[in-house]
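Numbering (the working numbering), first residue to last: 27 to 181. Data first, discussion second: the structure below is written as structure tokens.
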């Protein structure tokens with residue numbers, strides 16, 4: 027066997043392992059969401075986005091074209107935190123139509139001053155293509171705790 031042939035075999039095995047891990051992550055997310063959707067206080071939209079209002083806001087609700095300012099904490103289903111504006115010590119502002127679909131849909135269900143936990147299926151999150159080298163695996167369902175601080179003027 028040549029070094030190139032050996033390398034091809036190793037690469038094929040690594041690809042197979044990555045695909046198996048991705049499918050297991052996808053199945054874990056589907057199982058979690060099926061069980062989570064049955065819990066008291068959890069609502070599910072037609073797209074499959076799940077949410078729980080932890081604190082009702084009293085201000086404006088954004089539409090998909092608004093810019094918003096939020097604090098948030100993102101975790102994998104096992105509770106592993108992959109991002110947090112709280113840890114950075116400042117909220118973040120962004121156009122709502124420039125983020126993952128689960129956020130675009132979910133934040134429109136909130137009002138300023140509210141806090142909501144979102145359970146986002148993989149197809150409304152990063153799907154098969156999360157950020158390269160990041161903590162989010164392919165096909166991962168995600169949990170975000172979001173505080174909607176302000177709906178800003180449309181950008």
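Heads up, the beta-carbon is just placed ideally off N, CA and C, and yes, glycines get one too. Given the structure is predicted, the values throughout are model-derived calculations rather than measurements.
task: Indicate whether the contact test is met: 3 or more Cβ pairs, each with one atom in the segment 102-114 and one in the segment 160-172, closer than 8 Å.
output: The segment 102-114, when compared against the segment 160-172, does touch it at the 8 Å Cβ threshold.
- Taking the alpha carbon of residue 64 as the point to measure from, which residue in 78, 170, 97 has its own alpha carbon closest? 78
In chain order, which beta strand (DSSP E) runs of at least 3 residues are fully inside the segment 150-176?
none
Are the CB atoms of residue 84 and residue 141 within a distance shorter than 8 Å? Result no, Cβ atoms of residue 141 and residue 84 do not sit closer than 8 Å.
Review point. Of all the beta strand (DSSP E) runs that stay within the bounds of the segment 58-104, which reach a length of 3 or more residues?
Key: 76-81, 93-102
*Name the residue from 152, 124, 172 whose alpha carbon lies nearest to the alpha carbon of residue 144.*
172
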